[in-house]
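Student:
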Amino acid sequence: RGRGDSEGEFVPTVNDARDGYDLIEWIVQQPWSDGRVVLYGGSYTGQNQWLMLGSGHPAIVAASPAAAFASAIDMPRGGIPNFYEAKWRGLIWGQALYAQSGADNGLWVQEINDAIDEGRPVWTAGEPFGIAYDDTLRAFFDAPDLGQAWAAHYASDEQVARITAPVLTVTGTHDDCLPGTLHHWDRFERLAPAETRAASHLLIGPWDHAGTDSGHNVVGDLHFADAARVDLRTLRTDWFRHVLFGEPEPALLTDRVVYYVAGAEEWRSAATLAAATASTTSLYPVSTPGPNDVFHSGWLATEPGEGPDYSVRLDPADPRIRRLELEPRPGAAPDNPLFPLAYNSLLMTQGGNDPTNQLFTVSLDGEGVVYHSSPFQEPMTLTGKPALRLRIIPDAEDADLSILLHEVRQDGQAIFLSSDLIRLSLRDRGGAPQPLRPGEENEVDITDFRFCSRELARGSRLRLTIRAAWSPLILPASDGLTAHSVVTLVLVHRADDPAVLTLPLGVDQ
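This is the structure:
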């Protein structure tokens with residue numbers, strides 16, 4: 020309601036279950052309806068399918084949410100206030116879509132920079148686009164962690180437990196909404212009836228956000244083999260016909276979970292997402308004397324080692340990232356005009372959208388540290404979620420970090436693998452805050468990295484970047500200002516109780 024020619028007021032997400040129920044009720048009363056309804060859509064219309072499924076309308080017989088957004092999982096990510104929602108509001112302002120208003124990142128960054136330079140809260144940057152700072156937008160600043168404030172954005176546990184319609188949900192390893200899609204799937208796996216789950220599928224391609232509809236086998240400058248190009252609209256139609264009319268299921272859906280292994284350039288499958296990870300291996304961040312940067316990095320070693328501590332300065336008022344995001348990024352636009360990557364963006368790089376962009380590692384200059392492994396002697400397949408344990412001595416109770424994991428190939432090309440964006444006091448997503456102890460050594464476990472699926476080539480190295488998180492869209496505080504205290508983190512390196520990067524190893528097939 021409130022979109023297009025519909026009456027009423029549009030309130031994002033919270034009314035979608037009711038509106039969807041009423042729409043389905045109207046459909047089944049039409050003379051052309053046989054009383055059965057299937058759901059399809061992506062991103063926002065992937066999220067609201069889960070709400071409609073939870074509404075329990077008996078006419079829903081199947082659903083296919085793609086790139087299904089999850090509030091406080093995708094955005095805000097990691098418990099850090101996030102302004103991306105305002106850009107999305109620009110995209111949908113009024114009754115119809117205004118693609119350029121929401122998609123011109125350079126224009127938005129300029130408005131945000133002007134607000135910051137003039138000492139205004141960043142949400143005032145939305146005013147030229149007609150975006151008001153209302154209660155629904157305020158939640159992305161005031162309640163950035165998953166909790167009760169977002170309850171209306173999700174079907175309840177009891178509602179999920181009553182879902183009877185099978186689901187085909189689609190995402191990609193370079194999709195902004197990969198974490199959200201997997202969050203919805205995990206709830207479905209834990210709560211839905213066994214019969215419903217047995218008829219459902221999770222499909223993870225090498226795609227970006229737009230690619231979860233197009234099946235296009237290119238993300239930014241990164242190309243995949245022809246096997247990665249899938250006509251997803253035909254696949255969904257065939258799956259719907261399988262559910263509705265008993266026709267054969269699409270050949271690609273060989274098991275409940277189907278995923279693409281980039282590098283190996285092949286599809287693999289498993290009964291569950293966890294079963295795609297066969298085991299784990301560990302690498303240990305080891306420091307070297309002198310300043311750290313991409314050209315003088317620490318090591319990811321196979322054994323723990325002693326080394327000097329690294330110091331990282333996190334300054335929310337540092338303007339360098341804001342300036343870098345005004346630099347054009349030509350040639351990195353995907354196939355959907357709603358999501359052009361015409362400019363550098365830490366948030367988009369964090370989400371895997373710009374998988375070959377090394378700018379936010381090369382430009383650290385004290386705002387982070389870099390570690391490289393030795394070249395791999397044999398190919399190594401990563402499938403699953405990495406994890407990172409750090410030992411840090413902070414001078415404040417909290418810190419915001421951006422963590423990036425790349426494959427660095429022999430020709431120097433870097434390829435995005437995984438990432439996390441995390442406010443360290445909120446590292447237990449949705450749990451009680453765990454403030455850091457200033458001046459003391461803290462053990463910090465970071466376990467909610469993005470799912471990755473790639474075979475690393477022989478001769479490649481692994482690169483770990485730990486850096487400041489803030490950018491024009493990722494903010495240090497709920498007041499929308501950047502004039503906050505500098506935080507210094509000391510990263511401790513020692514052989515006893517070491518820092519450790521845990522890597523998920525895939526099943527060879």
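Following this note's numbering, the residues of the sequence shown are numbered contiguously, the last one being 528.
Positions of the beta carbon are idealized from the N, C-alpha and C atoms, including for glycine.
Keep in mind the model is a prediction, meaning the values are calculated, not measured.
Using a threshold of 7 Å, state whether the C-beta atoms of Pro374 and Leu241 are closer than that.
Tutor: Yes. Within cutoff.
Student: To the nearest whole angstrom, what separates the beta carbons of Ala415 and Pro457, a pair I think is in contact under 8 Å?
Tutor: Ala415 to Pro457, Cβ: 6 Å. Contact.
Student: DSSP state of Asp354, grouped into three classes?
Tutor: Here Asp354 scores only 49 on pLDDT, less than 50, and its place in the model should not be relied on; the value that follows carries that caveat. In this structure, Asp354 counts as coil in the three-state DSSP scheme.
Student: Based on DSSP bridge pairs, tell me the residues matched to Val238.
Tutor: BP columns for Val238 point to Leu241.
Student: Does Phe435 come out as helix, strand or coil in the three-state DSSP assignment?
Tutor: Here Phe435 sits in strand by DSSP.
Student: Measure the C-alpha to C-alpha separation of Ser330 and Leu510 and round it to an integer number of angstroms.
Tutor: Those two C-alpha atoms are separated by around 6 Å.
Student: Leu343 and Asn363 - do their beta-carbons sit closer together than 7 Å?
Tutor: Closer than 7 Å, so yes.
Student: Could you give the residue range of the alpha helix (DSSP H) that holds Tyr279?
Tutor: Careful: Tyr279 lies outside any alpha helix (DSSP H), inside the beta strand (DSSP E) at 276 to 280.
Student: Reducing DSSP to helix, strand and coil, say where Arg20 ends up.
Tutor: Reduced to three states, the DSSP call for Arg20 is coil.
Student: To the nearest angstrom, how far is it from the Cα of Arg252 to the Cα of Phe259?
Tutor: Looking at the two C-alpha atoms, the distance is approximately 11 Å.
Student: Give the C-beta separation of Pro269 and Asp257 to the nearest angstrom, bearing in mind that I take them to be a contact with Cβ-Cβ under 8 Å.
Tutor: That belief holds up - the Cβ atoms of Pro269 and Asp257 are roughly 5 Å apart, short of 8 Å.
Student: Please list the terminal residues of the continuous alpha helix (DSSP H) segment that includes Arg157.
Tutor: Element bounds for Arg157: 154 to 161.
Student: Alpha carbons only, please: which of Gly23, Asp328, Trp489, Asp430 is nearest the one belonging to Ile111?
Tutor: Per the Cα distances, Gly23.
Student: Output yes or no for whether 7 Å exceeds the beta carbon distance between Ala87 and Gln66.
Tutor: Yes, they are a contact pair.
Student: Pull up the DSSP beta-bridge partners for Pro84, would you.
Tutor: Bridge partners of Pro84: Gly60.
Student: Provide the residue(s) that pair with Gly525 in DSSP beta bridges, ordered along the chain.
Tutor: DSSP lists Thr296 as partners of Gly525.
Student: Which residues does DSSP pair with Pro413 in a beta bridge?
Tutor: According to DSSP, which records beta bridges pairwise, Pro413 is partnered with Leu508.
Student: If you measure from the CB of Leu423, is any heavy atom of the ligand PLP nearer than 6 Å?
Tutor: The ligand PLP is not part of this structure, which contains no ligands at all.
Student: Could you check the C-alpha separation between Gln432 and Leu378 for me, to the nearest Å?
Tutor: Near 12 Å, if we compare the C-alpha coordinates of Leu378 and Gln432.
Student: Excluding sequence positions up to five away, which residues of its chain have a Cβ less than 6 Å from the Cβ of Asp38?
Tutor: Only Arg20 meet the Cβ criterion.
Student: Can you give me the Cβ contacts of Tyr40 inside the same chain, cut-off strictly under 6 Å, excluding the 5 residues immediately before and after it?
Tutor: Excluding residues within five positions, the ones whose Cβ falls inside 6 Å are Ser74, His76.
Student: So, Thr183 versus Thr215, is the Cβ gap smaller than 7 Å?
Tutor: Cβ distance < 7 Å, so Thr183 and Thr215 count as in contact.
Student: Does DSSP classify Thr192 as helix, strand or coil?
Tutor: In this structure, Thr192 counts as strand in the three-state DSSP scheme.
Student: Measuring CA to CA, which of Leu210, Ala115, Pro185 is closest to Val80?
Tutor: With distances taken between Cα atoms, Val80 lies closest to Pro185.
Student: Which of the three DSSP states is assigned to Glu2 in this structure?
Tutor: This structure does not reach residue 2, given that the chain is present from 20 up to 528, and the question cannot be answered.
Student: Does the contact criterion of 3 or more C-beta pairs under 8 Å hold for the region 221 to 228 versus the region 268 to 283?
Tutor: Enough Cβ pairs lie closer than 8 Å, so yes.
Student: For a test of the three-state rule: what should DSSP assign to Thr5, helix, strand or coil?
Tutor: Any answer about residue 5 is impossible in this case: the structure gives the chain only from 20 up to 528.
Student: Compute the beta-carbon to beta-carbon distance between Asp439 and Ile422, rounded to the nearest angstrom, for a pair I have assumed lies under 8 Å.
Tutor: Yes, they are in contact, since the Cβ atoms of Asp439 and Ile422 sit about 5 Å apart, within 8 Å.
Student: Quick check on the DSSP output: the beta strand (DSSP E) that includes Ala289 runs from which residue to which?
Tutor: Residues 285 to 289.
Student: Rounded to a whole number of angstroms, what is the C-alpha to C-alpha distance between Ala78 and Gly60?
Tutor: Looking at the two C-alpha atoms, the distance is approximately 17 Å.
Student: Is the beta carbon of Leu383 less than 7 Å from the beta carbon of Val128?
Tutor: Their beta carbons are not under 7 Å apart, which means Leu383 does not touch Val128 by this criterion.
Student: How big is the Cα-Cα spacing for Phe159 and Pro495?
Tutor: Approximately 12 Å between the Cα atoms of the pair.
Student: Does the region 290 to 302 come into contact with the region 401 to 421, if we say contact requires no fewer than three beta-carbon pairs (one atom in each stretch) closer than 8 Å?
Tutor: The region 290 to 302 is in contact with the region 401 to 421.
Student: In angstroms with no decimal places, state the Cα-to-Cα distance between Leu156 and Glu104.
Tutor: Rounded to the nearest angstrom, the two C-alpha atoms are 7 Å apart.
Student: If I'm right that Leu445 touches Ser437 with Cβ under 8 Å, what's the distance once you round it to whole angstroms?
Tutor: The Cβ separation is near 19 Å, so there is no contact.
Student: Mind checking Trp45: buried by the 16 CB within 10 Å criterion, or exposed?
Tutor: That one is exposed.
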